[in-house]
Amino acid sequence: VAEPRNTESFDFSRYHTISEIYSFQDMLVAENPNLVSKIVIGQSYQGRPLNVLKFSTGGTNRPAIWIDTGIHSREWVTQASGTWFAKKIASDYGRDSALTAILDKMDIFVEIVTNPDGFYFTHNSNRMWRKTRKPNPGSSCVGVDPNRNWDAGFGGAGASGNPCSETYRGEKAHSEPEVKSIVDFVKSHGNFKAFVSIHSYSQMLLYPYGYTTTPVKDQAELHNLANKAITDLASLYGTRYRYGSIINTIYQASGGTIDWTYNQGIKYSYTFELRDTGRYGFILPANQIIPTAQETWLALMAIMDHTFKNPY
Amino acid sequence: KETFEGHQVLRITAKDEAQLALIKDMEEMVHLQLDFWRGVTDVATPVDVRVPFHSLQSVKRHLESLELEYLVMIQDLQVMLDEEKLEMESAAR
């Protein structure tokens, strides 16, 4: 098997193992030393590095945008899209005027494999695995839903207290190192202005809250921006998204990622559910990766551009 | 390695809020080992659930007894996973 030697020969139209994605990250850094660096923000329960790619043209602690993919490990199209986004950012800087303007003032952070233990497990043991891989004391069931483990309405309705459930919240907020590492990083950075967490599937763009029906104070702006983002997304292949707050659009979910980030003061907090062909769920065929990433990129650009043009 | 021979993914559609609540109740039926890929949201949005082979008959009977409409979205999950694996290996070659 010939390993790709650079990111140009990396095949974005197929799914990759975790080691291939780690190699991709290192290649991207090596090829773009003045733009891309790799930060290890922590370790997973099983000791895998939690890598974040930082795209920066300089400055200190610039206002920043966060993108993460793959917190639910079995949603492979998200890690694959994250890989594509990383290459896109590196390629478009200096070519695309909107992205260049953003990167001249802001940094972008991309965590491609947010739940590496789970991702490894999906490749090697159980393709259906969604949670982390930390054992739960007193239970034979393993793992926590890392999208119910955040300190935002933690333990409320819309998450399970049963370790065998797919939505098990964990023993306490931020019990999972995969979550705690992001929490610590976001807090220590202190200057994130947008936070986008990407899931699949069901074609939705959501903003807080999930744990309460109380609208966020920026609801009108987040709603309008979501509308713009999904309109841009649909312009490519006609993929139709729904949008709104989590609790009004899907269901009540406590301990969710973007509820926490919003409560930290990150106004532009969104979560995606990527495309659904209606036949495959999250077992999306590899030929769907690039179209999914391409259309999602348009929505991401809408959010990033708005964040750039509306400093707060 | 865990395999999924005979597991099906069913797409269930509710006609009204009452039927939606009946589907929601199924989330609590732990013994069936259902894996909700797309949970209960609203009447307009179907629910997708992976059903292990050993629960298929019970689940289908249950759905039919409640007059809940469903279709088989994925006939045999392992067949799809095998195709996915082959495709990855082929691309790697």
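Quick mapping for you: the protein sequence lines, in order, are chains V and B.
Okay, so the first sequence: first residue is 10 according to our numbering, each after it adds one.
Okay, so the second sequence: first residue is 24 according to our numbering, each after it adds one.
Note that beta-carbon positions come from the ideal geometry of N, C-alpha and C, so glycine has one too.
As the structure is a computational prediction, the values presented were derived from the model and not from experiment.
- Every beta strand (DSSP E) of 3 residues or more that sits fully in the stretch 141-212 of chain V is shown, in chain order, as 201-209.
- Put simply, the CB of I292 of chain V is near chain B, with a gap under 8 Å to one of its CB atoms.
- CA-to-CA, the gap between A107 of chain V and G164 of chain V works out to about 41 Å.
- Residue pairing by DSSP puts E282 of chain V in a beta bridge opposite V:H208 and V:M213.
- About 17 Å separates the beta carbon of L215 of chain V from that of E304 of chain V, a gap too long to meet the 8 Å contact definition.
- Fewer than three Cβ pairs drawn from the stretch 57-65 of chain V and the stretch 251-263 of chain V lie within less than 8 Å of each other, which leaves the two stretches out of contact.
- Contact with chain V is absent for M52 of chain B, since none of that chain's Cβ atoms lies less than 8 Å from the residue's Cβ.
- Legend: CB atoms of the stretch 60-83 of chain B lying less than 8 Å from CB atoms of chain V belong to residues W60, R61, G62, V63, T64, T68, D71 and R73.
- Sixteen is the threshold: when 16 or more other Cβ atoms of the shown chains lie within 10 Å of the Cβ of S209 of chain V, as they do, the residue is buried.
- Close to L104 of chain B, with beta-carbon spacing below 8 Å, are these residues of chain V in chain order: R136 and I292.
- With respect to the 8 Å criterion, M96 of chain B and D58 of chain B are not classified as neighbours on the basis of their beta carbons.
- Within chain B, not a single residue places a beta-carbon under 7 Å from that of D268 of chain V; the smallest gap is close to 18 Å.
- DSSP, reduced to helix, strand and coil, places F76 of chain B within a helical segment of the structure shown.
- Taking every protein chain shown into account, the CB of G170 of chain V has fewer than 16 other CB atoms within 10 angstroms, so this residue is exposed.
- From the beta-carbon of D20 of chain V, the residues of chain B found nearer than 8 Å are A114.
- Distance from the CA of L231 of chain V to the CA of Q55 of chain V, rounded to the nearest whole angstrom, comes to 37 Å.
- Think of a sphere of 7 Å around the beta carbon of E107 of chain B: the chain V residues whose beta carbon falls inside it are I292, in chain order.
- Within chain V, the residues placing a beta-carbon under 9 Å from that of M96 of chain B are G287, R288, Y289 and G290, ordered along the chain.
- Non-local C-beta neighbours of L234 of chain V in its own chain, meaning closer than 6 Å and more than five positions away in sequence, comprise H315, ordered along the chain.
- By the CB criterion at 8 Å, T131 of chain V and R83 of chain V fall inside the cutoff.
- In chain order, S78, S81 and V82 place their CB closer than 7 Å to the CB of L55 of chain B, counting only its own chain and leaving out the 5 sequence neighbours on each side.
- Proximity of A295 of chain V to chain B, defined by a Cβ-Cβ separation below 8 Å, is satisfied.
- The beta carbon of N272 of chain V is closer than 6 Å to those of A161 in its chain, skipping five residues each way along the sequence.
- For Q52 of chain V, the uninterrupted beta strand (DSSP E) segment begins and ends at V45 to Q52.
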